[in-house]
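J.: Got a structure here, written out as C-alpha cells. Questions coming.
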Amino acid sequence: MKSKLTTLLAICVALAIGMLDTAPAEAASTKKPVAKRKAKPVKKVENRVEVQDSDNLLLQSSAVLVQDQSSGDILFEKNSGAVLPIASITKLMTAMVVLDAQLSLTESLSIGHEDVDTLKGTRSRLKVGAQLSREDMLLLALMASENRAASALSRHYPGGAAAFIEAMNHKAAAIGLKDTQFSDPTGLTAANVSSARDLTKMVAAASHYPLIRELSTTSERTMLVGGRPVAFHNTNTLVRSPASGWEIAVSKTGYIREAGKCLVMQAWLNNKPVVIVLLDSWGRLTRIGDANRIKRWIENASTNSTRPSAALVRRTAG
Numbered sequence: 001m002k003s004k005l006t007t008l009l010a011i012c013v014a015l016a017i018g019m020l021d022t023a024p025a026e027a028a029s030t031k032k033p034v035a036k037r038k039a040k041p042v043k044k045v046e047n048r049v050e051v052q053d054s055d056n057l058l059l060q061s062s063a064v065l066v067q068d069q070s071s072g073d074i075l076f077e078k079n080s081g082a083v084l085p086i087a088s089i090t091k092l093m094t095a096m097v098v099l100d101a102q103l104s105l106t107e108s109l110s111i112g113h114e115d116v117d118t119l120k121g122t123r124s125r126l127k128v129g130a131q132l133s134r135e136d137m138l139l140l141a142l143m144a145s146e147n148r149a150a151s152a153l154s155r156h157y158p159g160g161a162a163a164f165i166e167a168m169n170h171k172a173a174a175i176g177l178k179d180t181q182f183s184d185p186t187g188l189t190a191a192n193v194s195s196a197r198d199l200t201k202m203v204a205a206a207s208h209y210p211l212i213r214e215l216s217t218t219s220e221r222t223m224l225v226g227g228r229p230v231a232f233h234n235t236n237t238l239v240r241s242p243a244s245g246w247e248i249a250v251s252k253t254g255y256i257r258e259a260g261k262c263l264v265m266q267a268w269l270n271n272k273p274v275v276i277v278l279l280d281s282w283g284r285l286t287r288i289g290d291a292n293r294i295k296r297w298i299e300n301a302s303t304n305s306t307r308p309s310a311a312l313v314r315r316t317a318g
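According to this note's numbering, the sequence shown is numbered sequentially starting from 1.
Written out as C-alpha cells, the structure is:
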C-alpha cells in the first residue's frame, strides 16, 4: 500500500513539473500572433517623378528645363510650368520682333528721356541724346543687357512702343508660348512673365536668327558713345571666359528682384544643341554653377554610355 502511495506521489510530482515546464510555451501559443508590419506604399504625387541621377544633380534655380533640341527630349525639368517674371530674358523677344520687321540695321537711333528707367532706377552708360545704329542697339541689348537700348528699339518701331509690345505678344502666341506675357521690351517690369517650358521654345526660336546668335554671344565690344570710347561686356561670364569650355550659340541673362537671377542658353553639348533655362536663382553665381553642373552631368552621361534621360531627375509642378 505504501509503495503504491509512493508511486502515485511520484507520478503527481512528475506531472506537476511537466506542467510548469510547458506552461510558458502554452501561454505564448495562446497569444494572438504579432502581425508583421507591412511596408507603407510609396505615395505617388501627381505630376512628380523623382529619380536621383548618379551625379546627385541638385540645382539651386527654382525653375529649370534642359532639352535636347535635336530630338525634343526633355533631359531635366524642375517646376517647368511655373509662371515667373523673366527680367531681361525678355530682350530675346525684343530682338526677334525688331528683326522680323526687317528695319534698316544701319539706321541711327537716339536715346531719349523716355528710355530712362524710372521703375527700378537702373543706371546706363548710354546718355540721353546718344546715337547708335539699330544693329549696335541690338548688340548692347543682347550682349550687355542695356535697358535704354532695348527701350529705344521699341520706340523706333513702326507705331511706337505700344505697337512693339503688341507685336511681342503676337510673336509669343505665334511660336506657341502659352504662359508668356510681355508688358515692356526691357524686362524691368515683373509683369513680363513666362515659364521654363515656354522659354525653351523662345530660345529655340531665337536660335534661328543668325544675328541674335552672333550678338548674344559677343564677348565684348568698345563703341563710340557721345564721342568717347566705352567698353561693354557680355553679362554671361560663361561667354566671356574661354576657359569655361562652353560652346554657346545663344545666350541671355536677366535679373530683377522679383525674378531672381535668370539664364537661358542654347549650347552644344556632346555635339548636340541643348537648350538650358534657369529661372529664379538668388545666389550671385548660382545660375552659373547650375549651368556647369548640367554640362558635367550630360558629358559624364555620354562618357558612361548612358543617356541623361535614362538617369534624369524630373520634378514638375504643372
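Don't be surprised by glycine CBs; every beta carbon is placed ideally from N, CA and C. This one's a predicted model, so the numbers in the text were calculated from it and none came from an experiment.
#1: What's the gap between the Cα of THR200 and the Cα of MET265?
#2: Since SER110 and ALA130 are thought to touch, with beta carbons under 8 Å apart, how far apart are those beta carbons, to the nearest angstrom?
#3: In whole angstroms, give me the CA-to-CA distance for GLU299 and ASP290.
#4: If I measure Cβ to Cβ from GLU146 and keep anything under 7 Å in the same chain, skipping five residues before and after, which residues do I get?
#5: Given a cut-off of 8 Å, decide if VAL193 and LEU92 are closer than it, judged by their beta-carbon atoms.
#6: Looking at the secondary structure, which residues open and close the alpha helix (DSSP H) in which VAL203 lies?
#7: Can you give the beta carbon distance from ASN236 to THR222, rounded, assuming they're within the 8 Å contact cut?
#8: Could you give the first and the last residue of the continuous alpha helix (DSSP H) run that contains ASP136?
#9: Measure the beta-carbon distance from ILE248 to ALA87 and round it to whole angstroms, keeping in mind my assumption that it falls under 8 Å.
#10: Cα-Cα, which of SER61, ASP73, PRO210 is closest to VAL274?
#11: Answer yes if the region 208-228 comes into contact with the region 95-103, meaning at least three C-beta pairs across the two stretches below 8 Å, and no otherwise.
#12: Does the beta-carbon of LYS295 have 16 or more other beta-carbons within 10 angstroms, so that it is buried, or is it exposed?
#13: Thinking C-alpha only, which one of LYS272, TRP282, THR286, ALA301 is nearest SER71?
#14: Tell me whether the beta-carbon of TRP297 lies closer than 8 Å to the beta-carbon of LEU57.
#15: Run through the DSSP bridge pairs and tell me what LYS127 is partnered with.
#16: Using only the alpha-carbon positions, how far apart do GLN67 and SER80 sit?
#17: Looking at ALA150: is its Cβ nearer than 8 Å to the Cβ of THR186?
#18: In its own chain, which residues sit with a C-beta less than 7 Å from the C-beta of ASP184, not counting the 5 before and 5 after it?
#19: Buried or exposed for ALA301, please, with buried defined as at least 16 other CB atoms from any protein chain shown within 10 angstroms of its CB.
#20: For GLN67, which residues does DSSP report across the bridge?
#21: Would you mind sorting LEU119 into buried or exposed? The rule is 16 or more other CB atoms within 10 Å of its CB.
#22: CB-CB under 8 Å to VAL230, same chain, minus the five flanking residues each way: which ones, in chain order?
T.: Straight from the coordinates:
#1: Between THR200 and MET265, the alpha-carbon positions lie close to 9 Å from each other.
#2: 7 Å
#3: The alpha-carbon separation between GLU299 and ASP290 amounts to approximately 14 Å.
#4: SER124, LEU126, LEU140, listed in sequence order.
#5: no
#6: 196-206
#7: Actually they do not touch by this definition, with Cβ atoms about 18 Å apart.
#8: 134-143
#9: In fact, because the Cβ distance is near 19 Å, the residues do not count as touching under 8 Å.
#10: Nearest to VAL274 by alpha-carbon distance, out of SER61, ASP73, PRO210, is ASP73.
#11: yes
#12: buried
#13: Per the Cα distances, LYS272.
#14: Remark: C-beta atoms of TRP297 and LEU57 approach each other more closely than 8 Å.
#15: Per DSSP, none; premise fails for LYS127.
#16: About 11 Å.
#17: yes
#18: Only ILE165, ASN192 meet the Cβ criterion.
#19: buried
#20: By DSSP's assignment, GLN67 forms a beta bridge with ILE74, VAL275.
#21: exposed
#22: Here VAL230 has ARG125, THR222, MET223, LEU224 as same chain residues with Cβ atoms under 8 Å from its own Cβ, once five neighbours each way along the sequence are excluded.
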